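Beneath this line is the structure, given in structure tokens, with notes to follow.
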DNA sequence: ACCTCTTTTACGGTTTCCCGTAAAGAAATG
DNA sequence: CATTTCTTTACGGGAAACCGTAAAAGAGGT
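Chains as they are written, first to last, in this note's numbering: chain A, 1 to 222; chain B, 1 to 222.
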């Protein structure tokens with residue numbers, strides 16, 4: 001079994017149970033960080049000491065705090081960690097269940113498993129760890145397997161996300177047009193933006209911009 | 001100390017830690033339900049057997065599921081429980097940190113304590129239980145005490161919420177006007193709605209409707 | 001170079017939003 | 001009952017969104 005595992009999780013109520021679970025599958029060295037920055041430092045320190053971690057189990061969202069942090073989400077943490085130690089195994093353990101985000105975790109960050117916090121997640125987490133250790137094919141947990149099959153979600157690109165983000169900031173189409181021109185994002189004609197927004201409205205069955213933002217906010221896209 | 005305590009919490013990763021915490025402060029009978037409906041049944045059963053629960057610790061949000069449930073949130077659960085057993089003590093243990101919602105828990109449901117899931121919440125939970133058992137004055141945990149002092153939040157009423165909800169559904173002002181007329185909500189003139197929305201836009205520093213919905217979505221008001 | 005298909009941009013008309021002002025109605029005060 | 005004050009509603013003009021159509025620009029193929 002893995003020797004050295006790091007847990008990045010802000011909620012103490014959850015990390016307690018995860019630590020317990022790891023002990024039960026006889027993992028010898030278990031460490032825990034409540035902040036992404038701390039987790040990253042521990043990874044670096046372990047590397048430097050030539051005793052690197054085998055596995056990182058990370059949450060996605062961390063509560064903001066009085067503390068100023070450089071890394072503020074599981075995504076950012078994993079990205080940074082993979083740069084420092086590309087061979088580390090990673091599991092995301094989060095309540096997030098939006099297919100769009102989970103997909104991008106596998107595709108963009110190359111995580112090894114995703115376990116959704118739910119009514120029976122601790123056993124699932126144990127199984128996922130075992131599978132990764134055995135280098136077995138990752139079978140996404142039943143709850144989210146449908147999400148990964150959902151091809152249609154591929155079509156929403158980062159361009160759409162920035163567009164939605166700008167909209168949700170209260171910018172007008174003209175504003176966004178000049179903003180995009182300024183940052184070199186194309187297309188940026190206000191007419192094109194309009195067309196693109198229209199595509200999104202059809203896609204999400206929204207009747208106007210307000211509705212569109214409400215829907216995509218719910219989906220966690222913005 | 002309390003004898004009989006019920007935990008209503010869907011995430012196994014959290015309930016494990018809570019059960020452990022209760023054991024540590026020597027509570028003898030600890031039960032746990034993953035669904036609001038199950039929790040309510042246990043309360044009723046215990047009442048019927050003349051061995052009622054002393055304390056209910058409940059989450060607010062429960063993941064939807066294949067199961068059809070009558071009660072779908074902590075609020076609904078507590079409301080139902082208090083009707084069946086008015087003298088039961090209640091603690092809400094949730095990640096929710098929107099002052100608006102916490103306030104209404106104390107004011108409308110008469111909960112005995114609110115503990116916010118965070119980086120140091122298990123000790124806080126223990127303290128809260130102790131305080132309630134000793135009938136001490138409830139001191140809201142430091143994190144949220146400022147929220148309760150925030151008077152301005154009193155001004156946002158359920159009227160505003162329904163207005164924002166309708167907006168986020170993509171309805172136009174005219175639509176909302178007739179909807180409100182239909183359900184007897186006043187004021188319902190489209191001009192009044194406009195004025196009210198304007199008040200909200202000033203309050204939340206939103207530059208237009210889209211922005212307003214984005215902000216209030218983030219705050220969890222809608 | 002020419003044609004074709006696609007993408008991007010432009011334009012015009014209609015609806016809805018946005019914002020100020022003002023009238024009508026309701027409630028409170030003396 | 002008259003006056004004041006607050007709330008609700010009405011109206012009008014300008015800005016932005018909404019929606020269809022069409023021109024301009026690019027990309028790819030022959």
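For each residue, glycine too, the CB sits at the ideal point set by N, CA and C.
No experiment lies behind these values; they were computed from the predicted model shown.
Proximal chain A residues relative to residue 37/B, where beta-carbon distance stays under 7 Å: For the purposes of this step, residue 37/B is taken as residue 37 along the second chain, with counting starting at 1. Within chain A, not a single residue places a beta-carbon under 7 Å from that of residue 37/B; the smallest gap is close to 13 Å.
Chain B contacts from the stretch 110-127 of chain A (Cβ-Cβ distance under 7 Å): 117, 118, 119, 120, 121 and 122
Cutoff 8 Å: residue 27/A Cβ touching any chain B Cβ: To locate residue 27/A, count along the first chain from 1; it is residue 27. Cβ-Cβ to chain B under 8 Å: no for residue 27/A.
DSSP bridge partner residues for residue 211/B (one or two, in chain order): As a position in the second chain, residue 211/B is number 211, starting the count at 1. According to DSSP, residue 211/B bridges with nothing at all.
Same chain, Cβ closer than 6 Å to residue 4/A, neighbours up to 5 away in sequence not counted: Taking the first chain and counting its residues from 1, the one referred to as residue 4/A is at position 4. Cβ within range, chain order: 29, 53 and 54.
Buried versus exposed call for residue 39/B [16 or more other C-beta atoms within 10 Å across all chains shown]: Counting from 1 along the second chain, the entry for residue 39/B is found at position 39. So residue 39/B counts as buried.
Selection from 88/B, 15/B and 125/B that minimises the alpha carbon distance to residue 110/B: Start at 1 with the first residue of the second chain, and residue 110/B comes out as number 110. Cα-wise, what sits closest to residue 110/B is 88/B.
Beta strand (DSSP E) runs contained entirely in the stretch 171-195 of chain B, provided each spans 3 or more residues: None, since the stretch 171-195 of chain B contains no complete beta strand (DSSP E) of that length.
Cross-chain neighbours of residue 209/B in chain A, by beta carbon under 7 Å: Position 209 of the second chain, counted from the first residue, corresponds to residue 209/B. Within 7 Å Cβ-Cβ: 210.
Three-state secondary structure assigned by DSSP to residue 66/B: As a working note, residue 66/B is residue 66 in the second chain. Residue 66/B: coil per DSSP, three-state reduction.
Environment of residue 198/A [buried if 16+ CB atoms lie within 10 Å]: What you label residue 198/A is simply residue 198 of the first chain in a count that begins at 1. Counting every other CB atom within 10 Å of its CB across the protein chains shown gives residue 198/A a total below 16, marking it as exposed.
Contacts around residue 222/B, its chain only, beta-carbon distance under 8 Å, and the 5 residues preceding and following it disregarded: Your numbering for residue 222/B matches position 222 in the second chain. Hits under 8 Å: 161, 164, 165, 168, 213 and 216.
Through-space distance from residue 18/A to residue 57/A, alpha-carbon basis: Residue 57/A sits at position 57 when you count from the first residue of the first chain. Residue 18/A sits at position 18 when you count from the first residue of the first chain. Near 9 Å, if we compare the C-alpha coordinates of residue 18/A and residue 57/A.
Identified DSSP bridge partners for residue 3/A: As a position in the first chain, residue 3/A is number 3, starting the count at 1. Paired residues: none, contrary to the question.
Residue burial classification, residue 84/B (beta-carbon count within 10 angstroms, cutoff 16): What you label residue 84/B is simply residue 84 of the second chain in a count that begins at 1. Exposed.
Extent of the continuous alpha helix (DSSP H) to which residue 42/B belongs: Here residue 42/B corresponds to residue number 42 of the second chain, with the count starting at 1. Counting along the chain, the unbroken alpha helix (DSSP H) around residue 42/B starts and ends at 36-48.
Three-way DSSP call (helix, strand, coil) for residue 108/B in this model: Against the second chain, residue 108/B aligns to sequence position 108. Under the three-state reduction of DSSP, residue 108/B is assigned to helix.
Burial state of residue 10/B, where buried means 16 or more other Cβ atoms lie within 10 Å: Counting from 1 along the second chain, the entry for residue 10/B is found at position 10. Looking at its Cβ environment, which holds 16 or more other Cβ atoms inside 10 Å, residue 10/B is buried.
Residue 271/A to residue 211/A span [Cα, whole Å]: Here chain A comprises residues numbered 1 to 222, so residue 271/A is not present and cannot be evaluated.
Within chain A, the residues that residue 11/B reaches when beta carbons sit closer than 8 Å: Indexing the second chain from 1 puts residue 11/B at position 11. Chain-ordered, the chain A residues with CB closer than 8 Å to the CB of residue 11/B read 14, 95, 117, 118, 119 and 121.
Distance between residue 170/B and residue 208/A (C-alpha atoms, nearest Å): On the first chain, residue 208/A is found 208 positions in, with the first residue counted as 1. On the second chain, residue 170/B is found 170 positions in, with the first residue counted as 1. Each residue's alpha carbon lies about 6 Å from the other.
Ranges of the alpha helix (DSSP H) found wholly within the stretch 53-103 of chain B, counting only runs of at least 4: 74-84
Three-state secondary structure (DSSP) of residue 206/A: Locating residue 206/A in the first chain gives position 206, where the first residue counts as 1. Coil.
Cutoff 6 Å; reference residue 223/A; Cβ partners in own chain excluding five residues on either side: Summary: the structure shown does not reach residue 223/A, with chain A confined to residues 1 through 222, and so no result is reported for it.
Identity of the residue in 43/B, 2/B and 135/B nearest residue 25/B by Cα: As a first step, residue 25/B is located in the second chain; it is residue number 25 there, counting from the start. The shortest Cα separation from residue 25/B among 43/B, 2/B and 135/B belongs to 2/B.
Rounded C-alpha distance that separates residue 200/A from residue 193/A: Start at 1 with the first residue of the first chain, and residue 200/A comes out as number 200. Start at 1 with the first residue of the first chain, and residue 193/A comes out as number 193. Roughly 11 Å between the two C-alpha positions.
Assigned exposure category for residue 15/B - 16 Cβ within 10 Å defines buried: As a working mapping, residue 15/B is identified with position 15 in the second chain. Under this definition residue 15/B is a buried residue.
Candidates 79/B, 187/B, 75/B and 86/B, of which the one nearest residue 96/B by Cα: Within the second chain, numbered from 1, the residue matching residue 96/B stands at position 96. Residue 96/B has its Cα closest to that of 75/B, out of 79/B, 187/B, 75/B and 86/B.
Simplified DSSP assignment, three categories, for residue 14/A: Along the first chain, read from residue 1 onward, the residue named residue 14/A stands at position 14. Residue 14/A falls in the helix class under three-state DSSP.
Chain B contact for residue 85/A (CB, 8 Å cutoff): Stepping through the first chain from its first residue, residue 85/A is reached at position 85. No, residue 85/A does not count as interfacial toward chain B.
Environment of residue 117/B [buried if 16+ CB atoms lie within 10 Å]: Sequence index remark: in the second chain, residue 117/B carries index 117 (1-based). Buried, because 16 or more other Cβ atoms sit within 10 Å of the Cβ of residue 117/B.
Backbone secondary structure at residue 135/A - three-state DSSP: Taking the first chain and counting its residues from 1, the one referred to as residue 135/A is at position 135. The answer is coil: DSSP assigns residue 135/A none of H, G, I, E or B.
Opposing strand residues paired with residue 114/B [DSSP bridges]: Taking the second chain and counting its residues from 1, one reaches residue 114/B at position 114. According to DSSP, residue 114/B bridges with 92/B.
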